[in-house]
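Residue numbers for the sequence shown follow my numbering, so the first one is 1 and each next one is one higher.
Every residue, glycine too, gets a C-beta built ideally from N, C-alpha and C.
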Amino acid sequence: MKNKSTLFLVQAAAIGAVYVVLTLVFAPLSFGEVQIRFSEALTILPFFTPAAIPGLFVGCIIANFFGGAIPIDILFGSIATLIGAYFTYRLRNSSKFLAPVPPILANTVIVPFVLYYGYGITLPIPLMMLTIGIGEILSCGVLGMILLGALSKYGSHIFGNRQAV
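This is the structure:
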């Protein structure tokens, strides 16, 4: 049992670390009212392992903190990623094409309100939902599905607890 909990912690930490690095390396694109957060492609990882849920959540908190986000963004932006990751995990036994939908929806709905009320960006919320949604579709829907396809063949070997799809 200790081996499984160690594996869980290592997977969560590795996923969180990669999320932080990708967010900060591409920081100019990762923040703002028009954003493509490449690290959000990792939100398909709960399809393979539940360790991705806390890994993505903590990774997002750390990335937002070191990216200079305000406290409300650190909290609610990370909650959006947590919600997306949790529901991706819940959909793991359905079609793999549904994996990116929860993070796309969670971020499209939550992040524009953070930008509007937290940062005082006065663009209309529906417009920011469109811009954030497009960024999420690109990062989760396109890059995430490429990642999912690449991992589908070897995911059971990498994560140790999921059949290849």
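Which listed residue (the options) has its alpha carbon closest to that of residue i
i    : options             : result
P50  : T6, L123 and A12    : A12
L42  : G120, A17 and I132  : A17
V142 : V10, F76 and R37    : R37
E33  : V111, I72 and V101  : V111
M145 : T122, P100 and G118 : P100
L130 : G118, L147 and N107 : N107
Residue i versus residue j: straight-line alpha-carbon distance, rounded
i    : j    : result
F26  : I132 : 16 Å
M128 : I62  : 24 Å
S139 : K4   : 30 Å
F78  : I44  : Checking the sequence shown, residue 78 turns out to be Ser, not Phe. Each residue's alpha carbon lies about 16 Å from the other.
I137 : G120 : 25 Å
L91  : I70  : 31 Å
V109 : F76  : 11 Å
F66  : S30  : 12 Å
G135 : T6   : 34 Å
Y116 : G59  : 23 Å
8 Å Cβ shell around residue i - same chain, five flanking residues per side excluded
i    : result
G149 : none
Cβ-based neighbour list, residue i, same chain, cut-off 6 Å, excluding 5 preceding and 5 following
i    : result
P46  : A52, I53, A85, T88 and Y89
P102 : G84, F87 and T88
Contacts around residue i, its chain only, beta-carbon distance under 7 Å, and the 5 residues preceding and following it disregarded
i    : result
V165 : With a pLDDT of only 39 at V165, under the threshold of 50, the placement of this residue in the model should not be trusted, and no figure is reported.
Rounded distance between the beta-carbons of residue j and residue i, thought under 8 Å
i    : j    : result
F113 : I125 : 7 Å
T81  : L56  : 5 Å
N64  : I74  : 4 Å
> Of all the beta strand (DSSP E) runs that stay within the bounds of the region 74-134, which reach a length of 3 or more residues?
Replying inline: Whole beta strand (DSSP E) segments, 3+ residues: zero.
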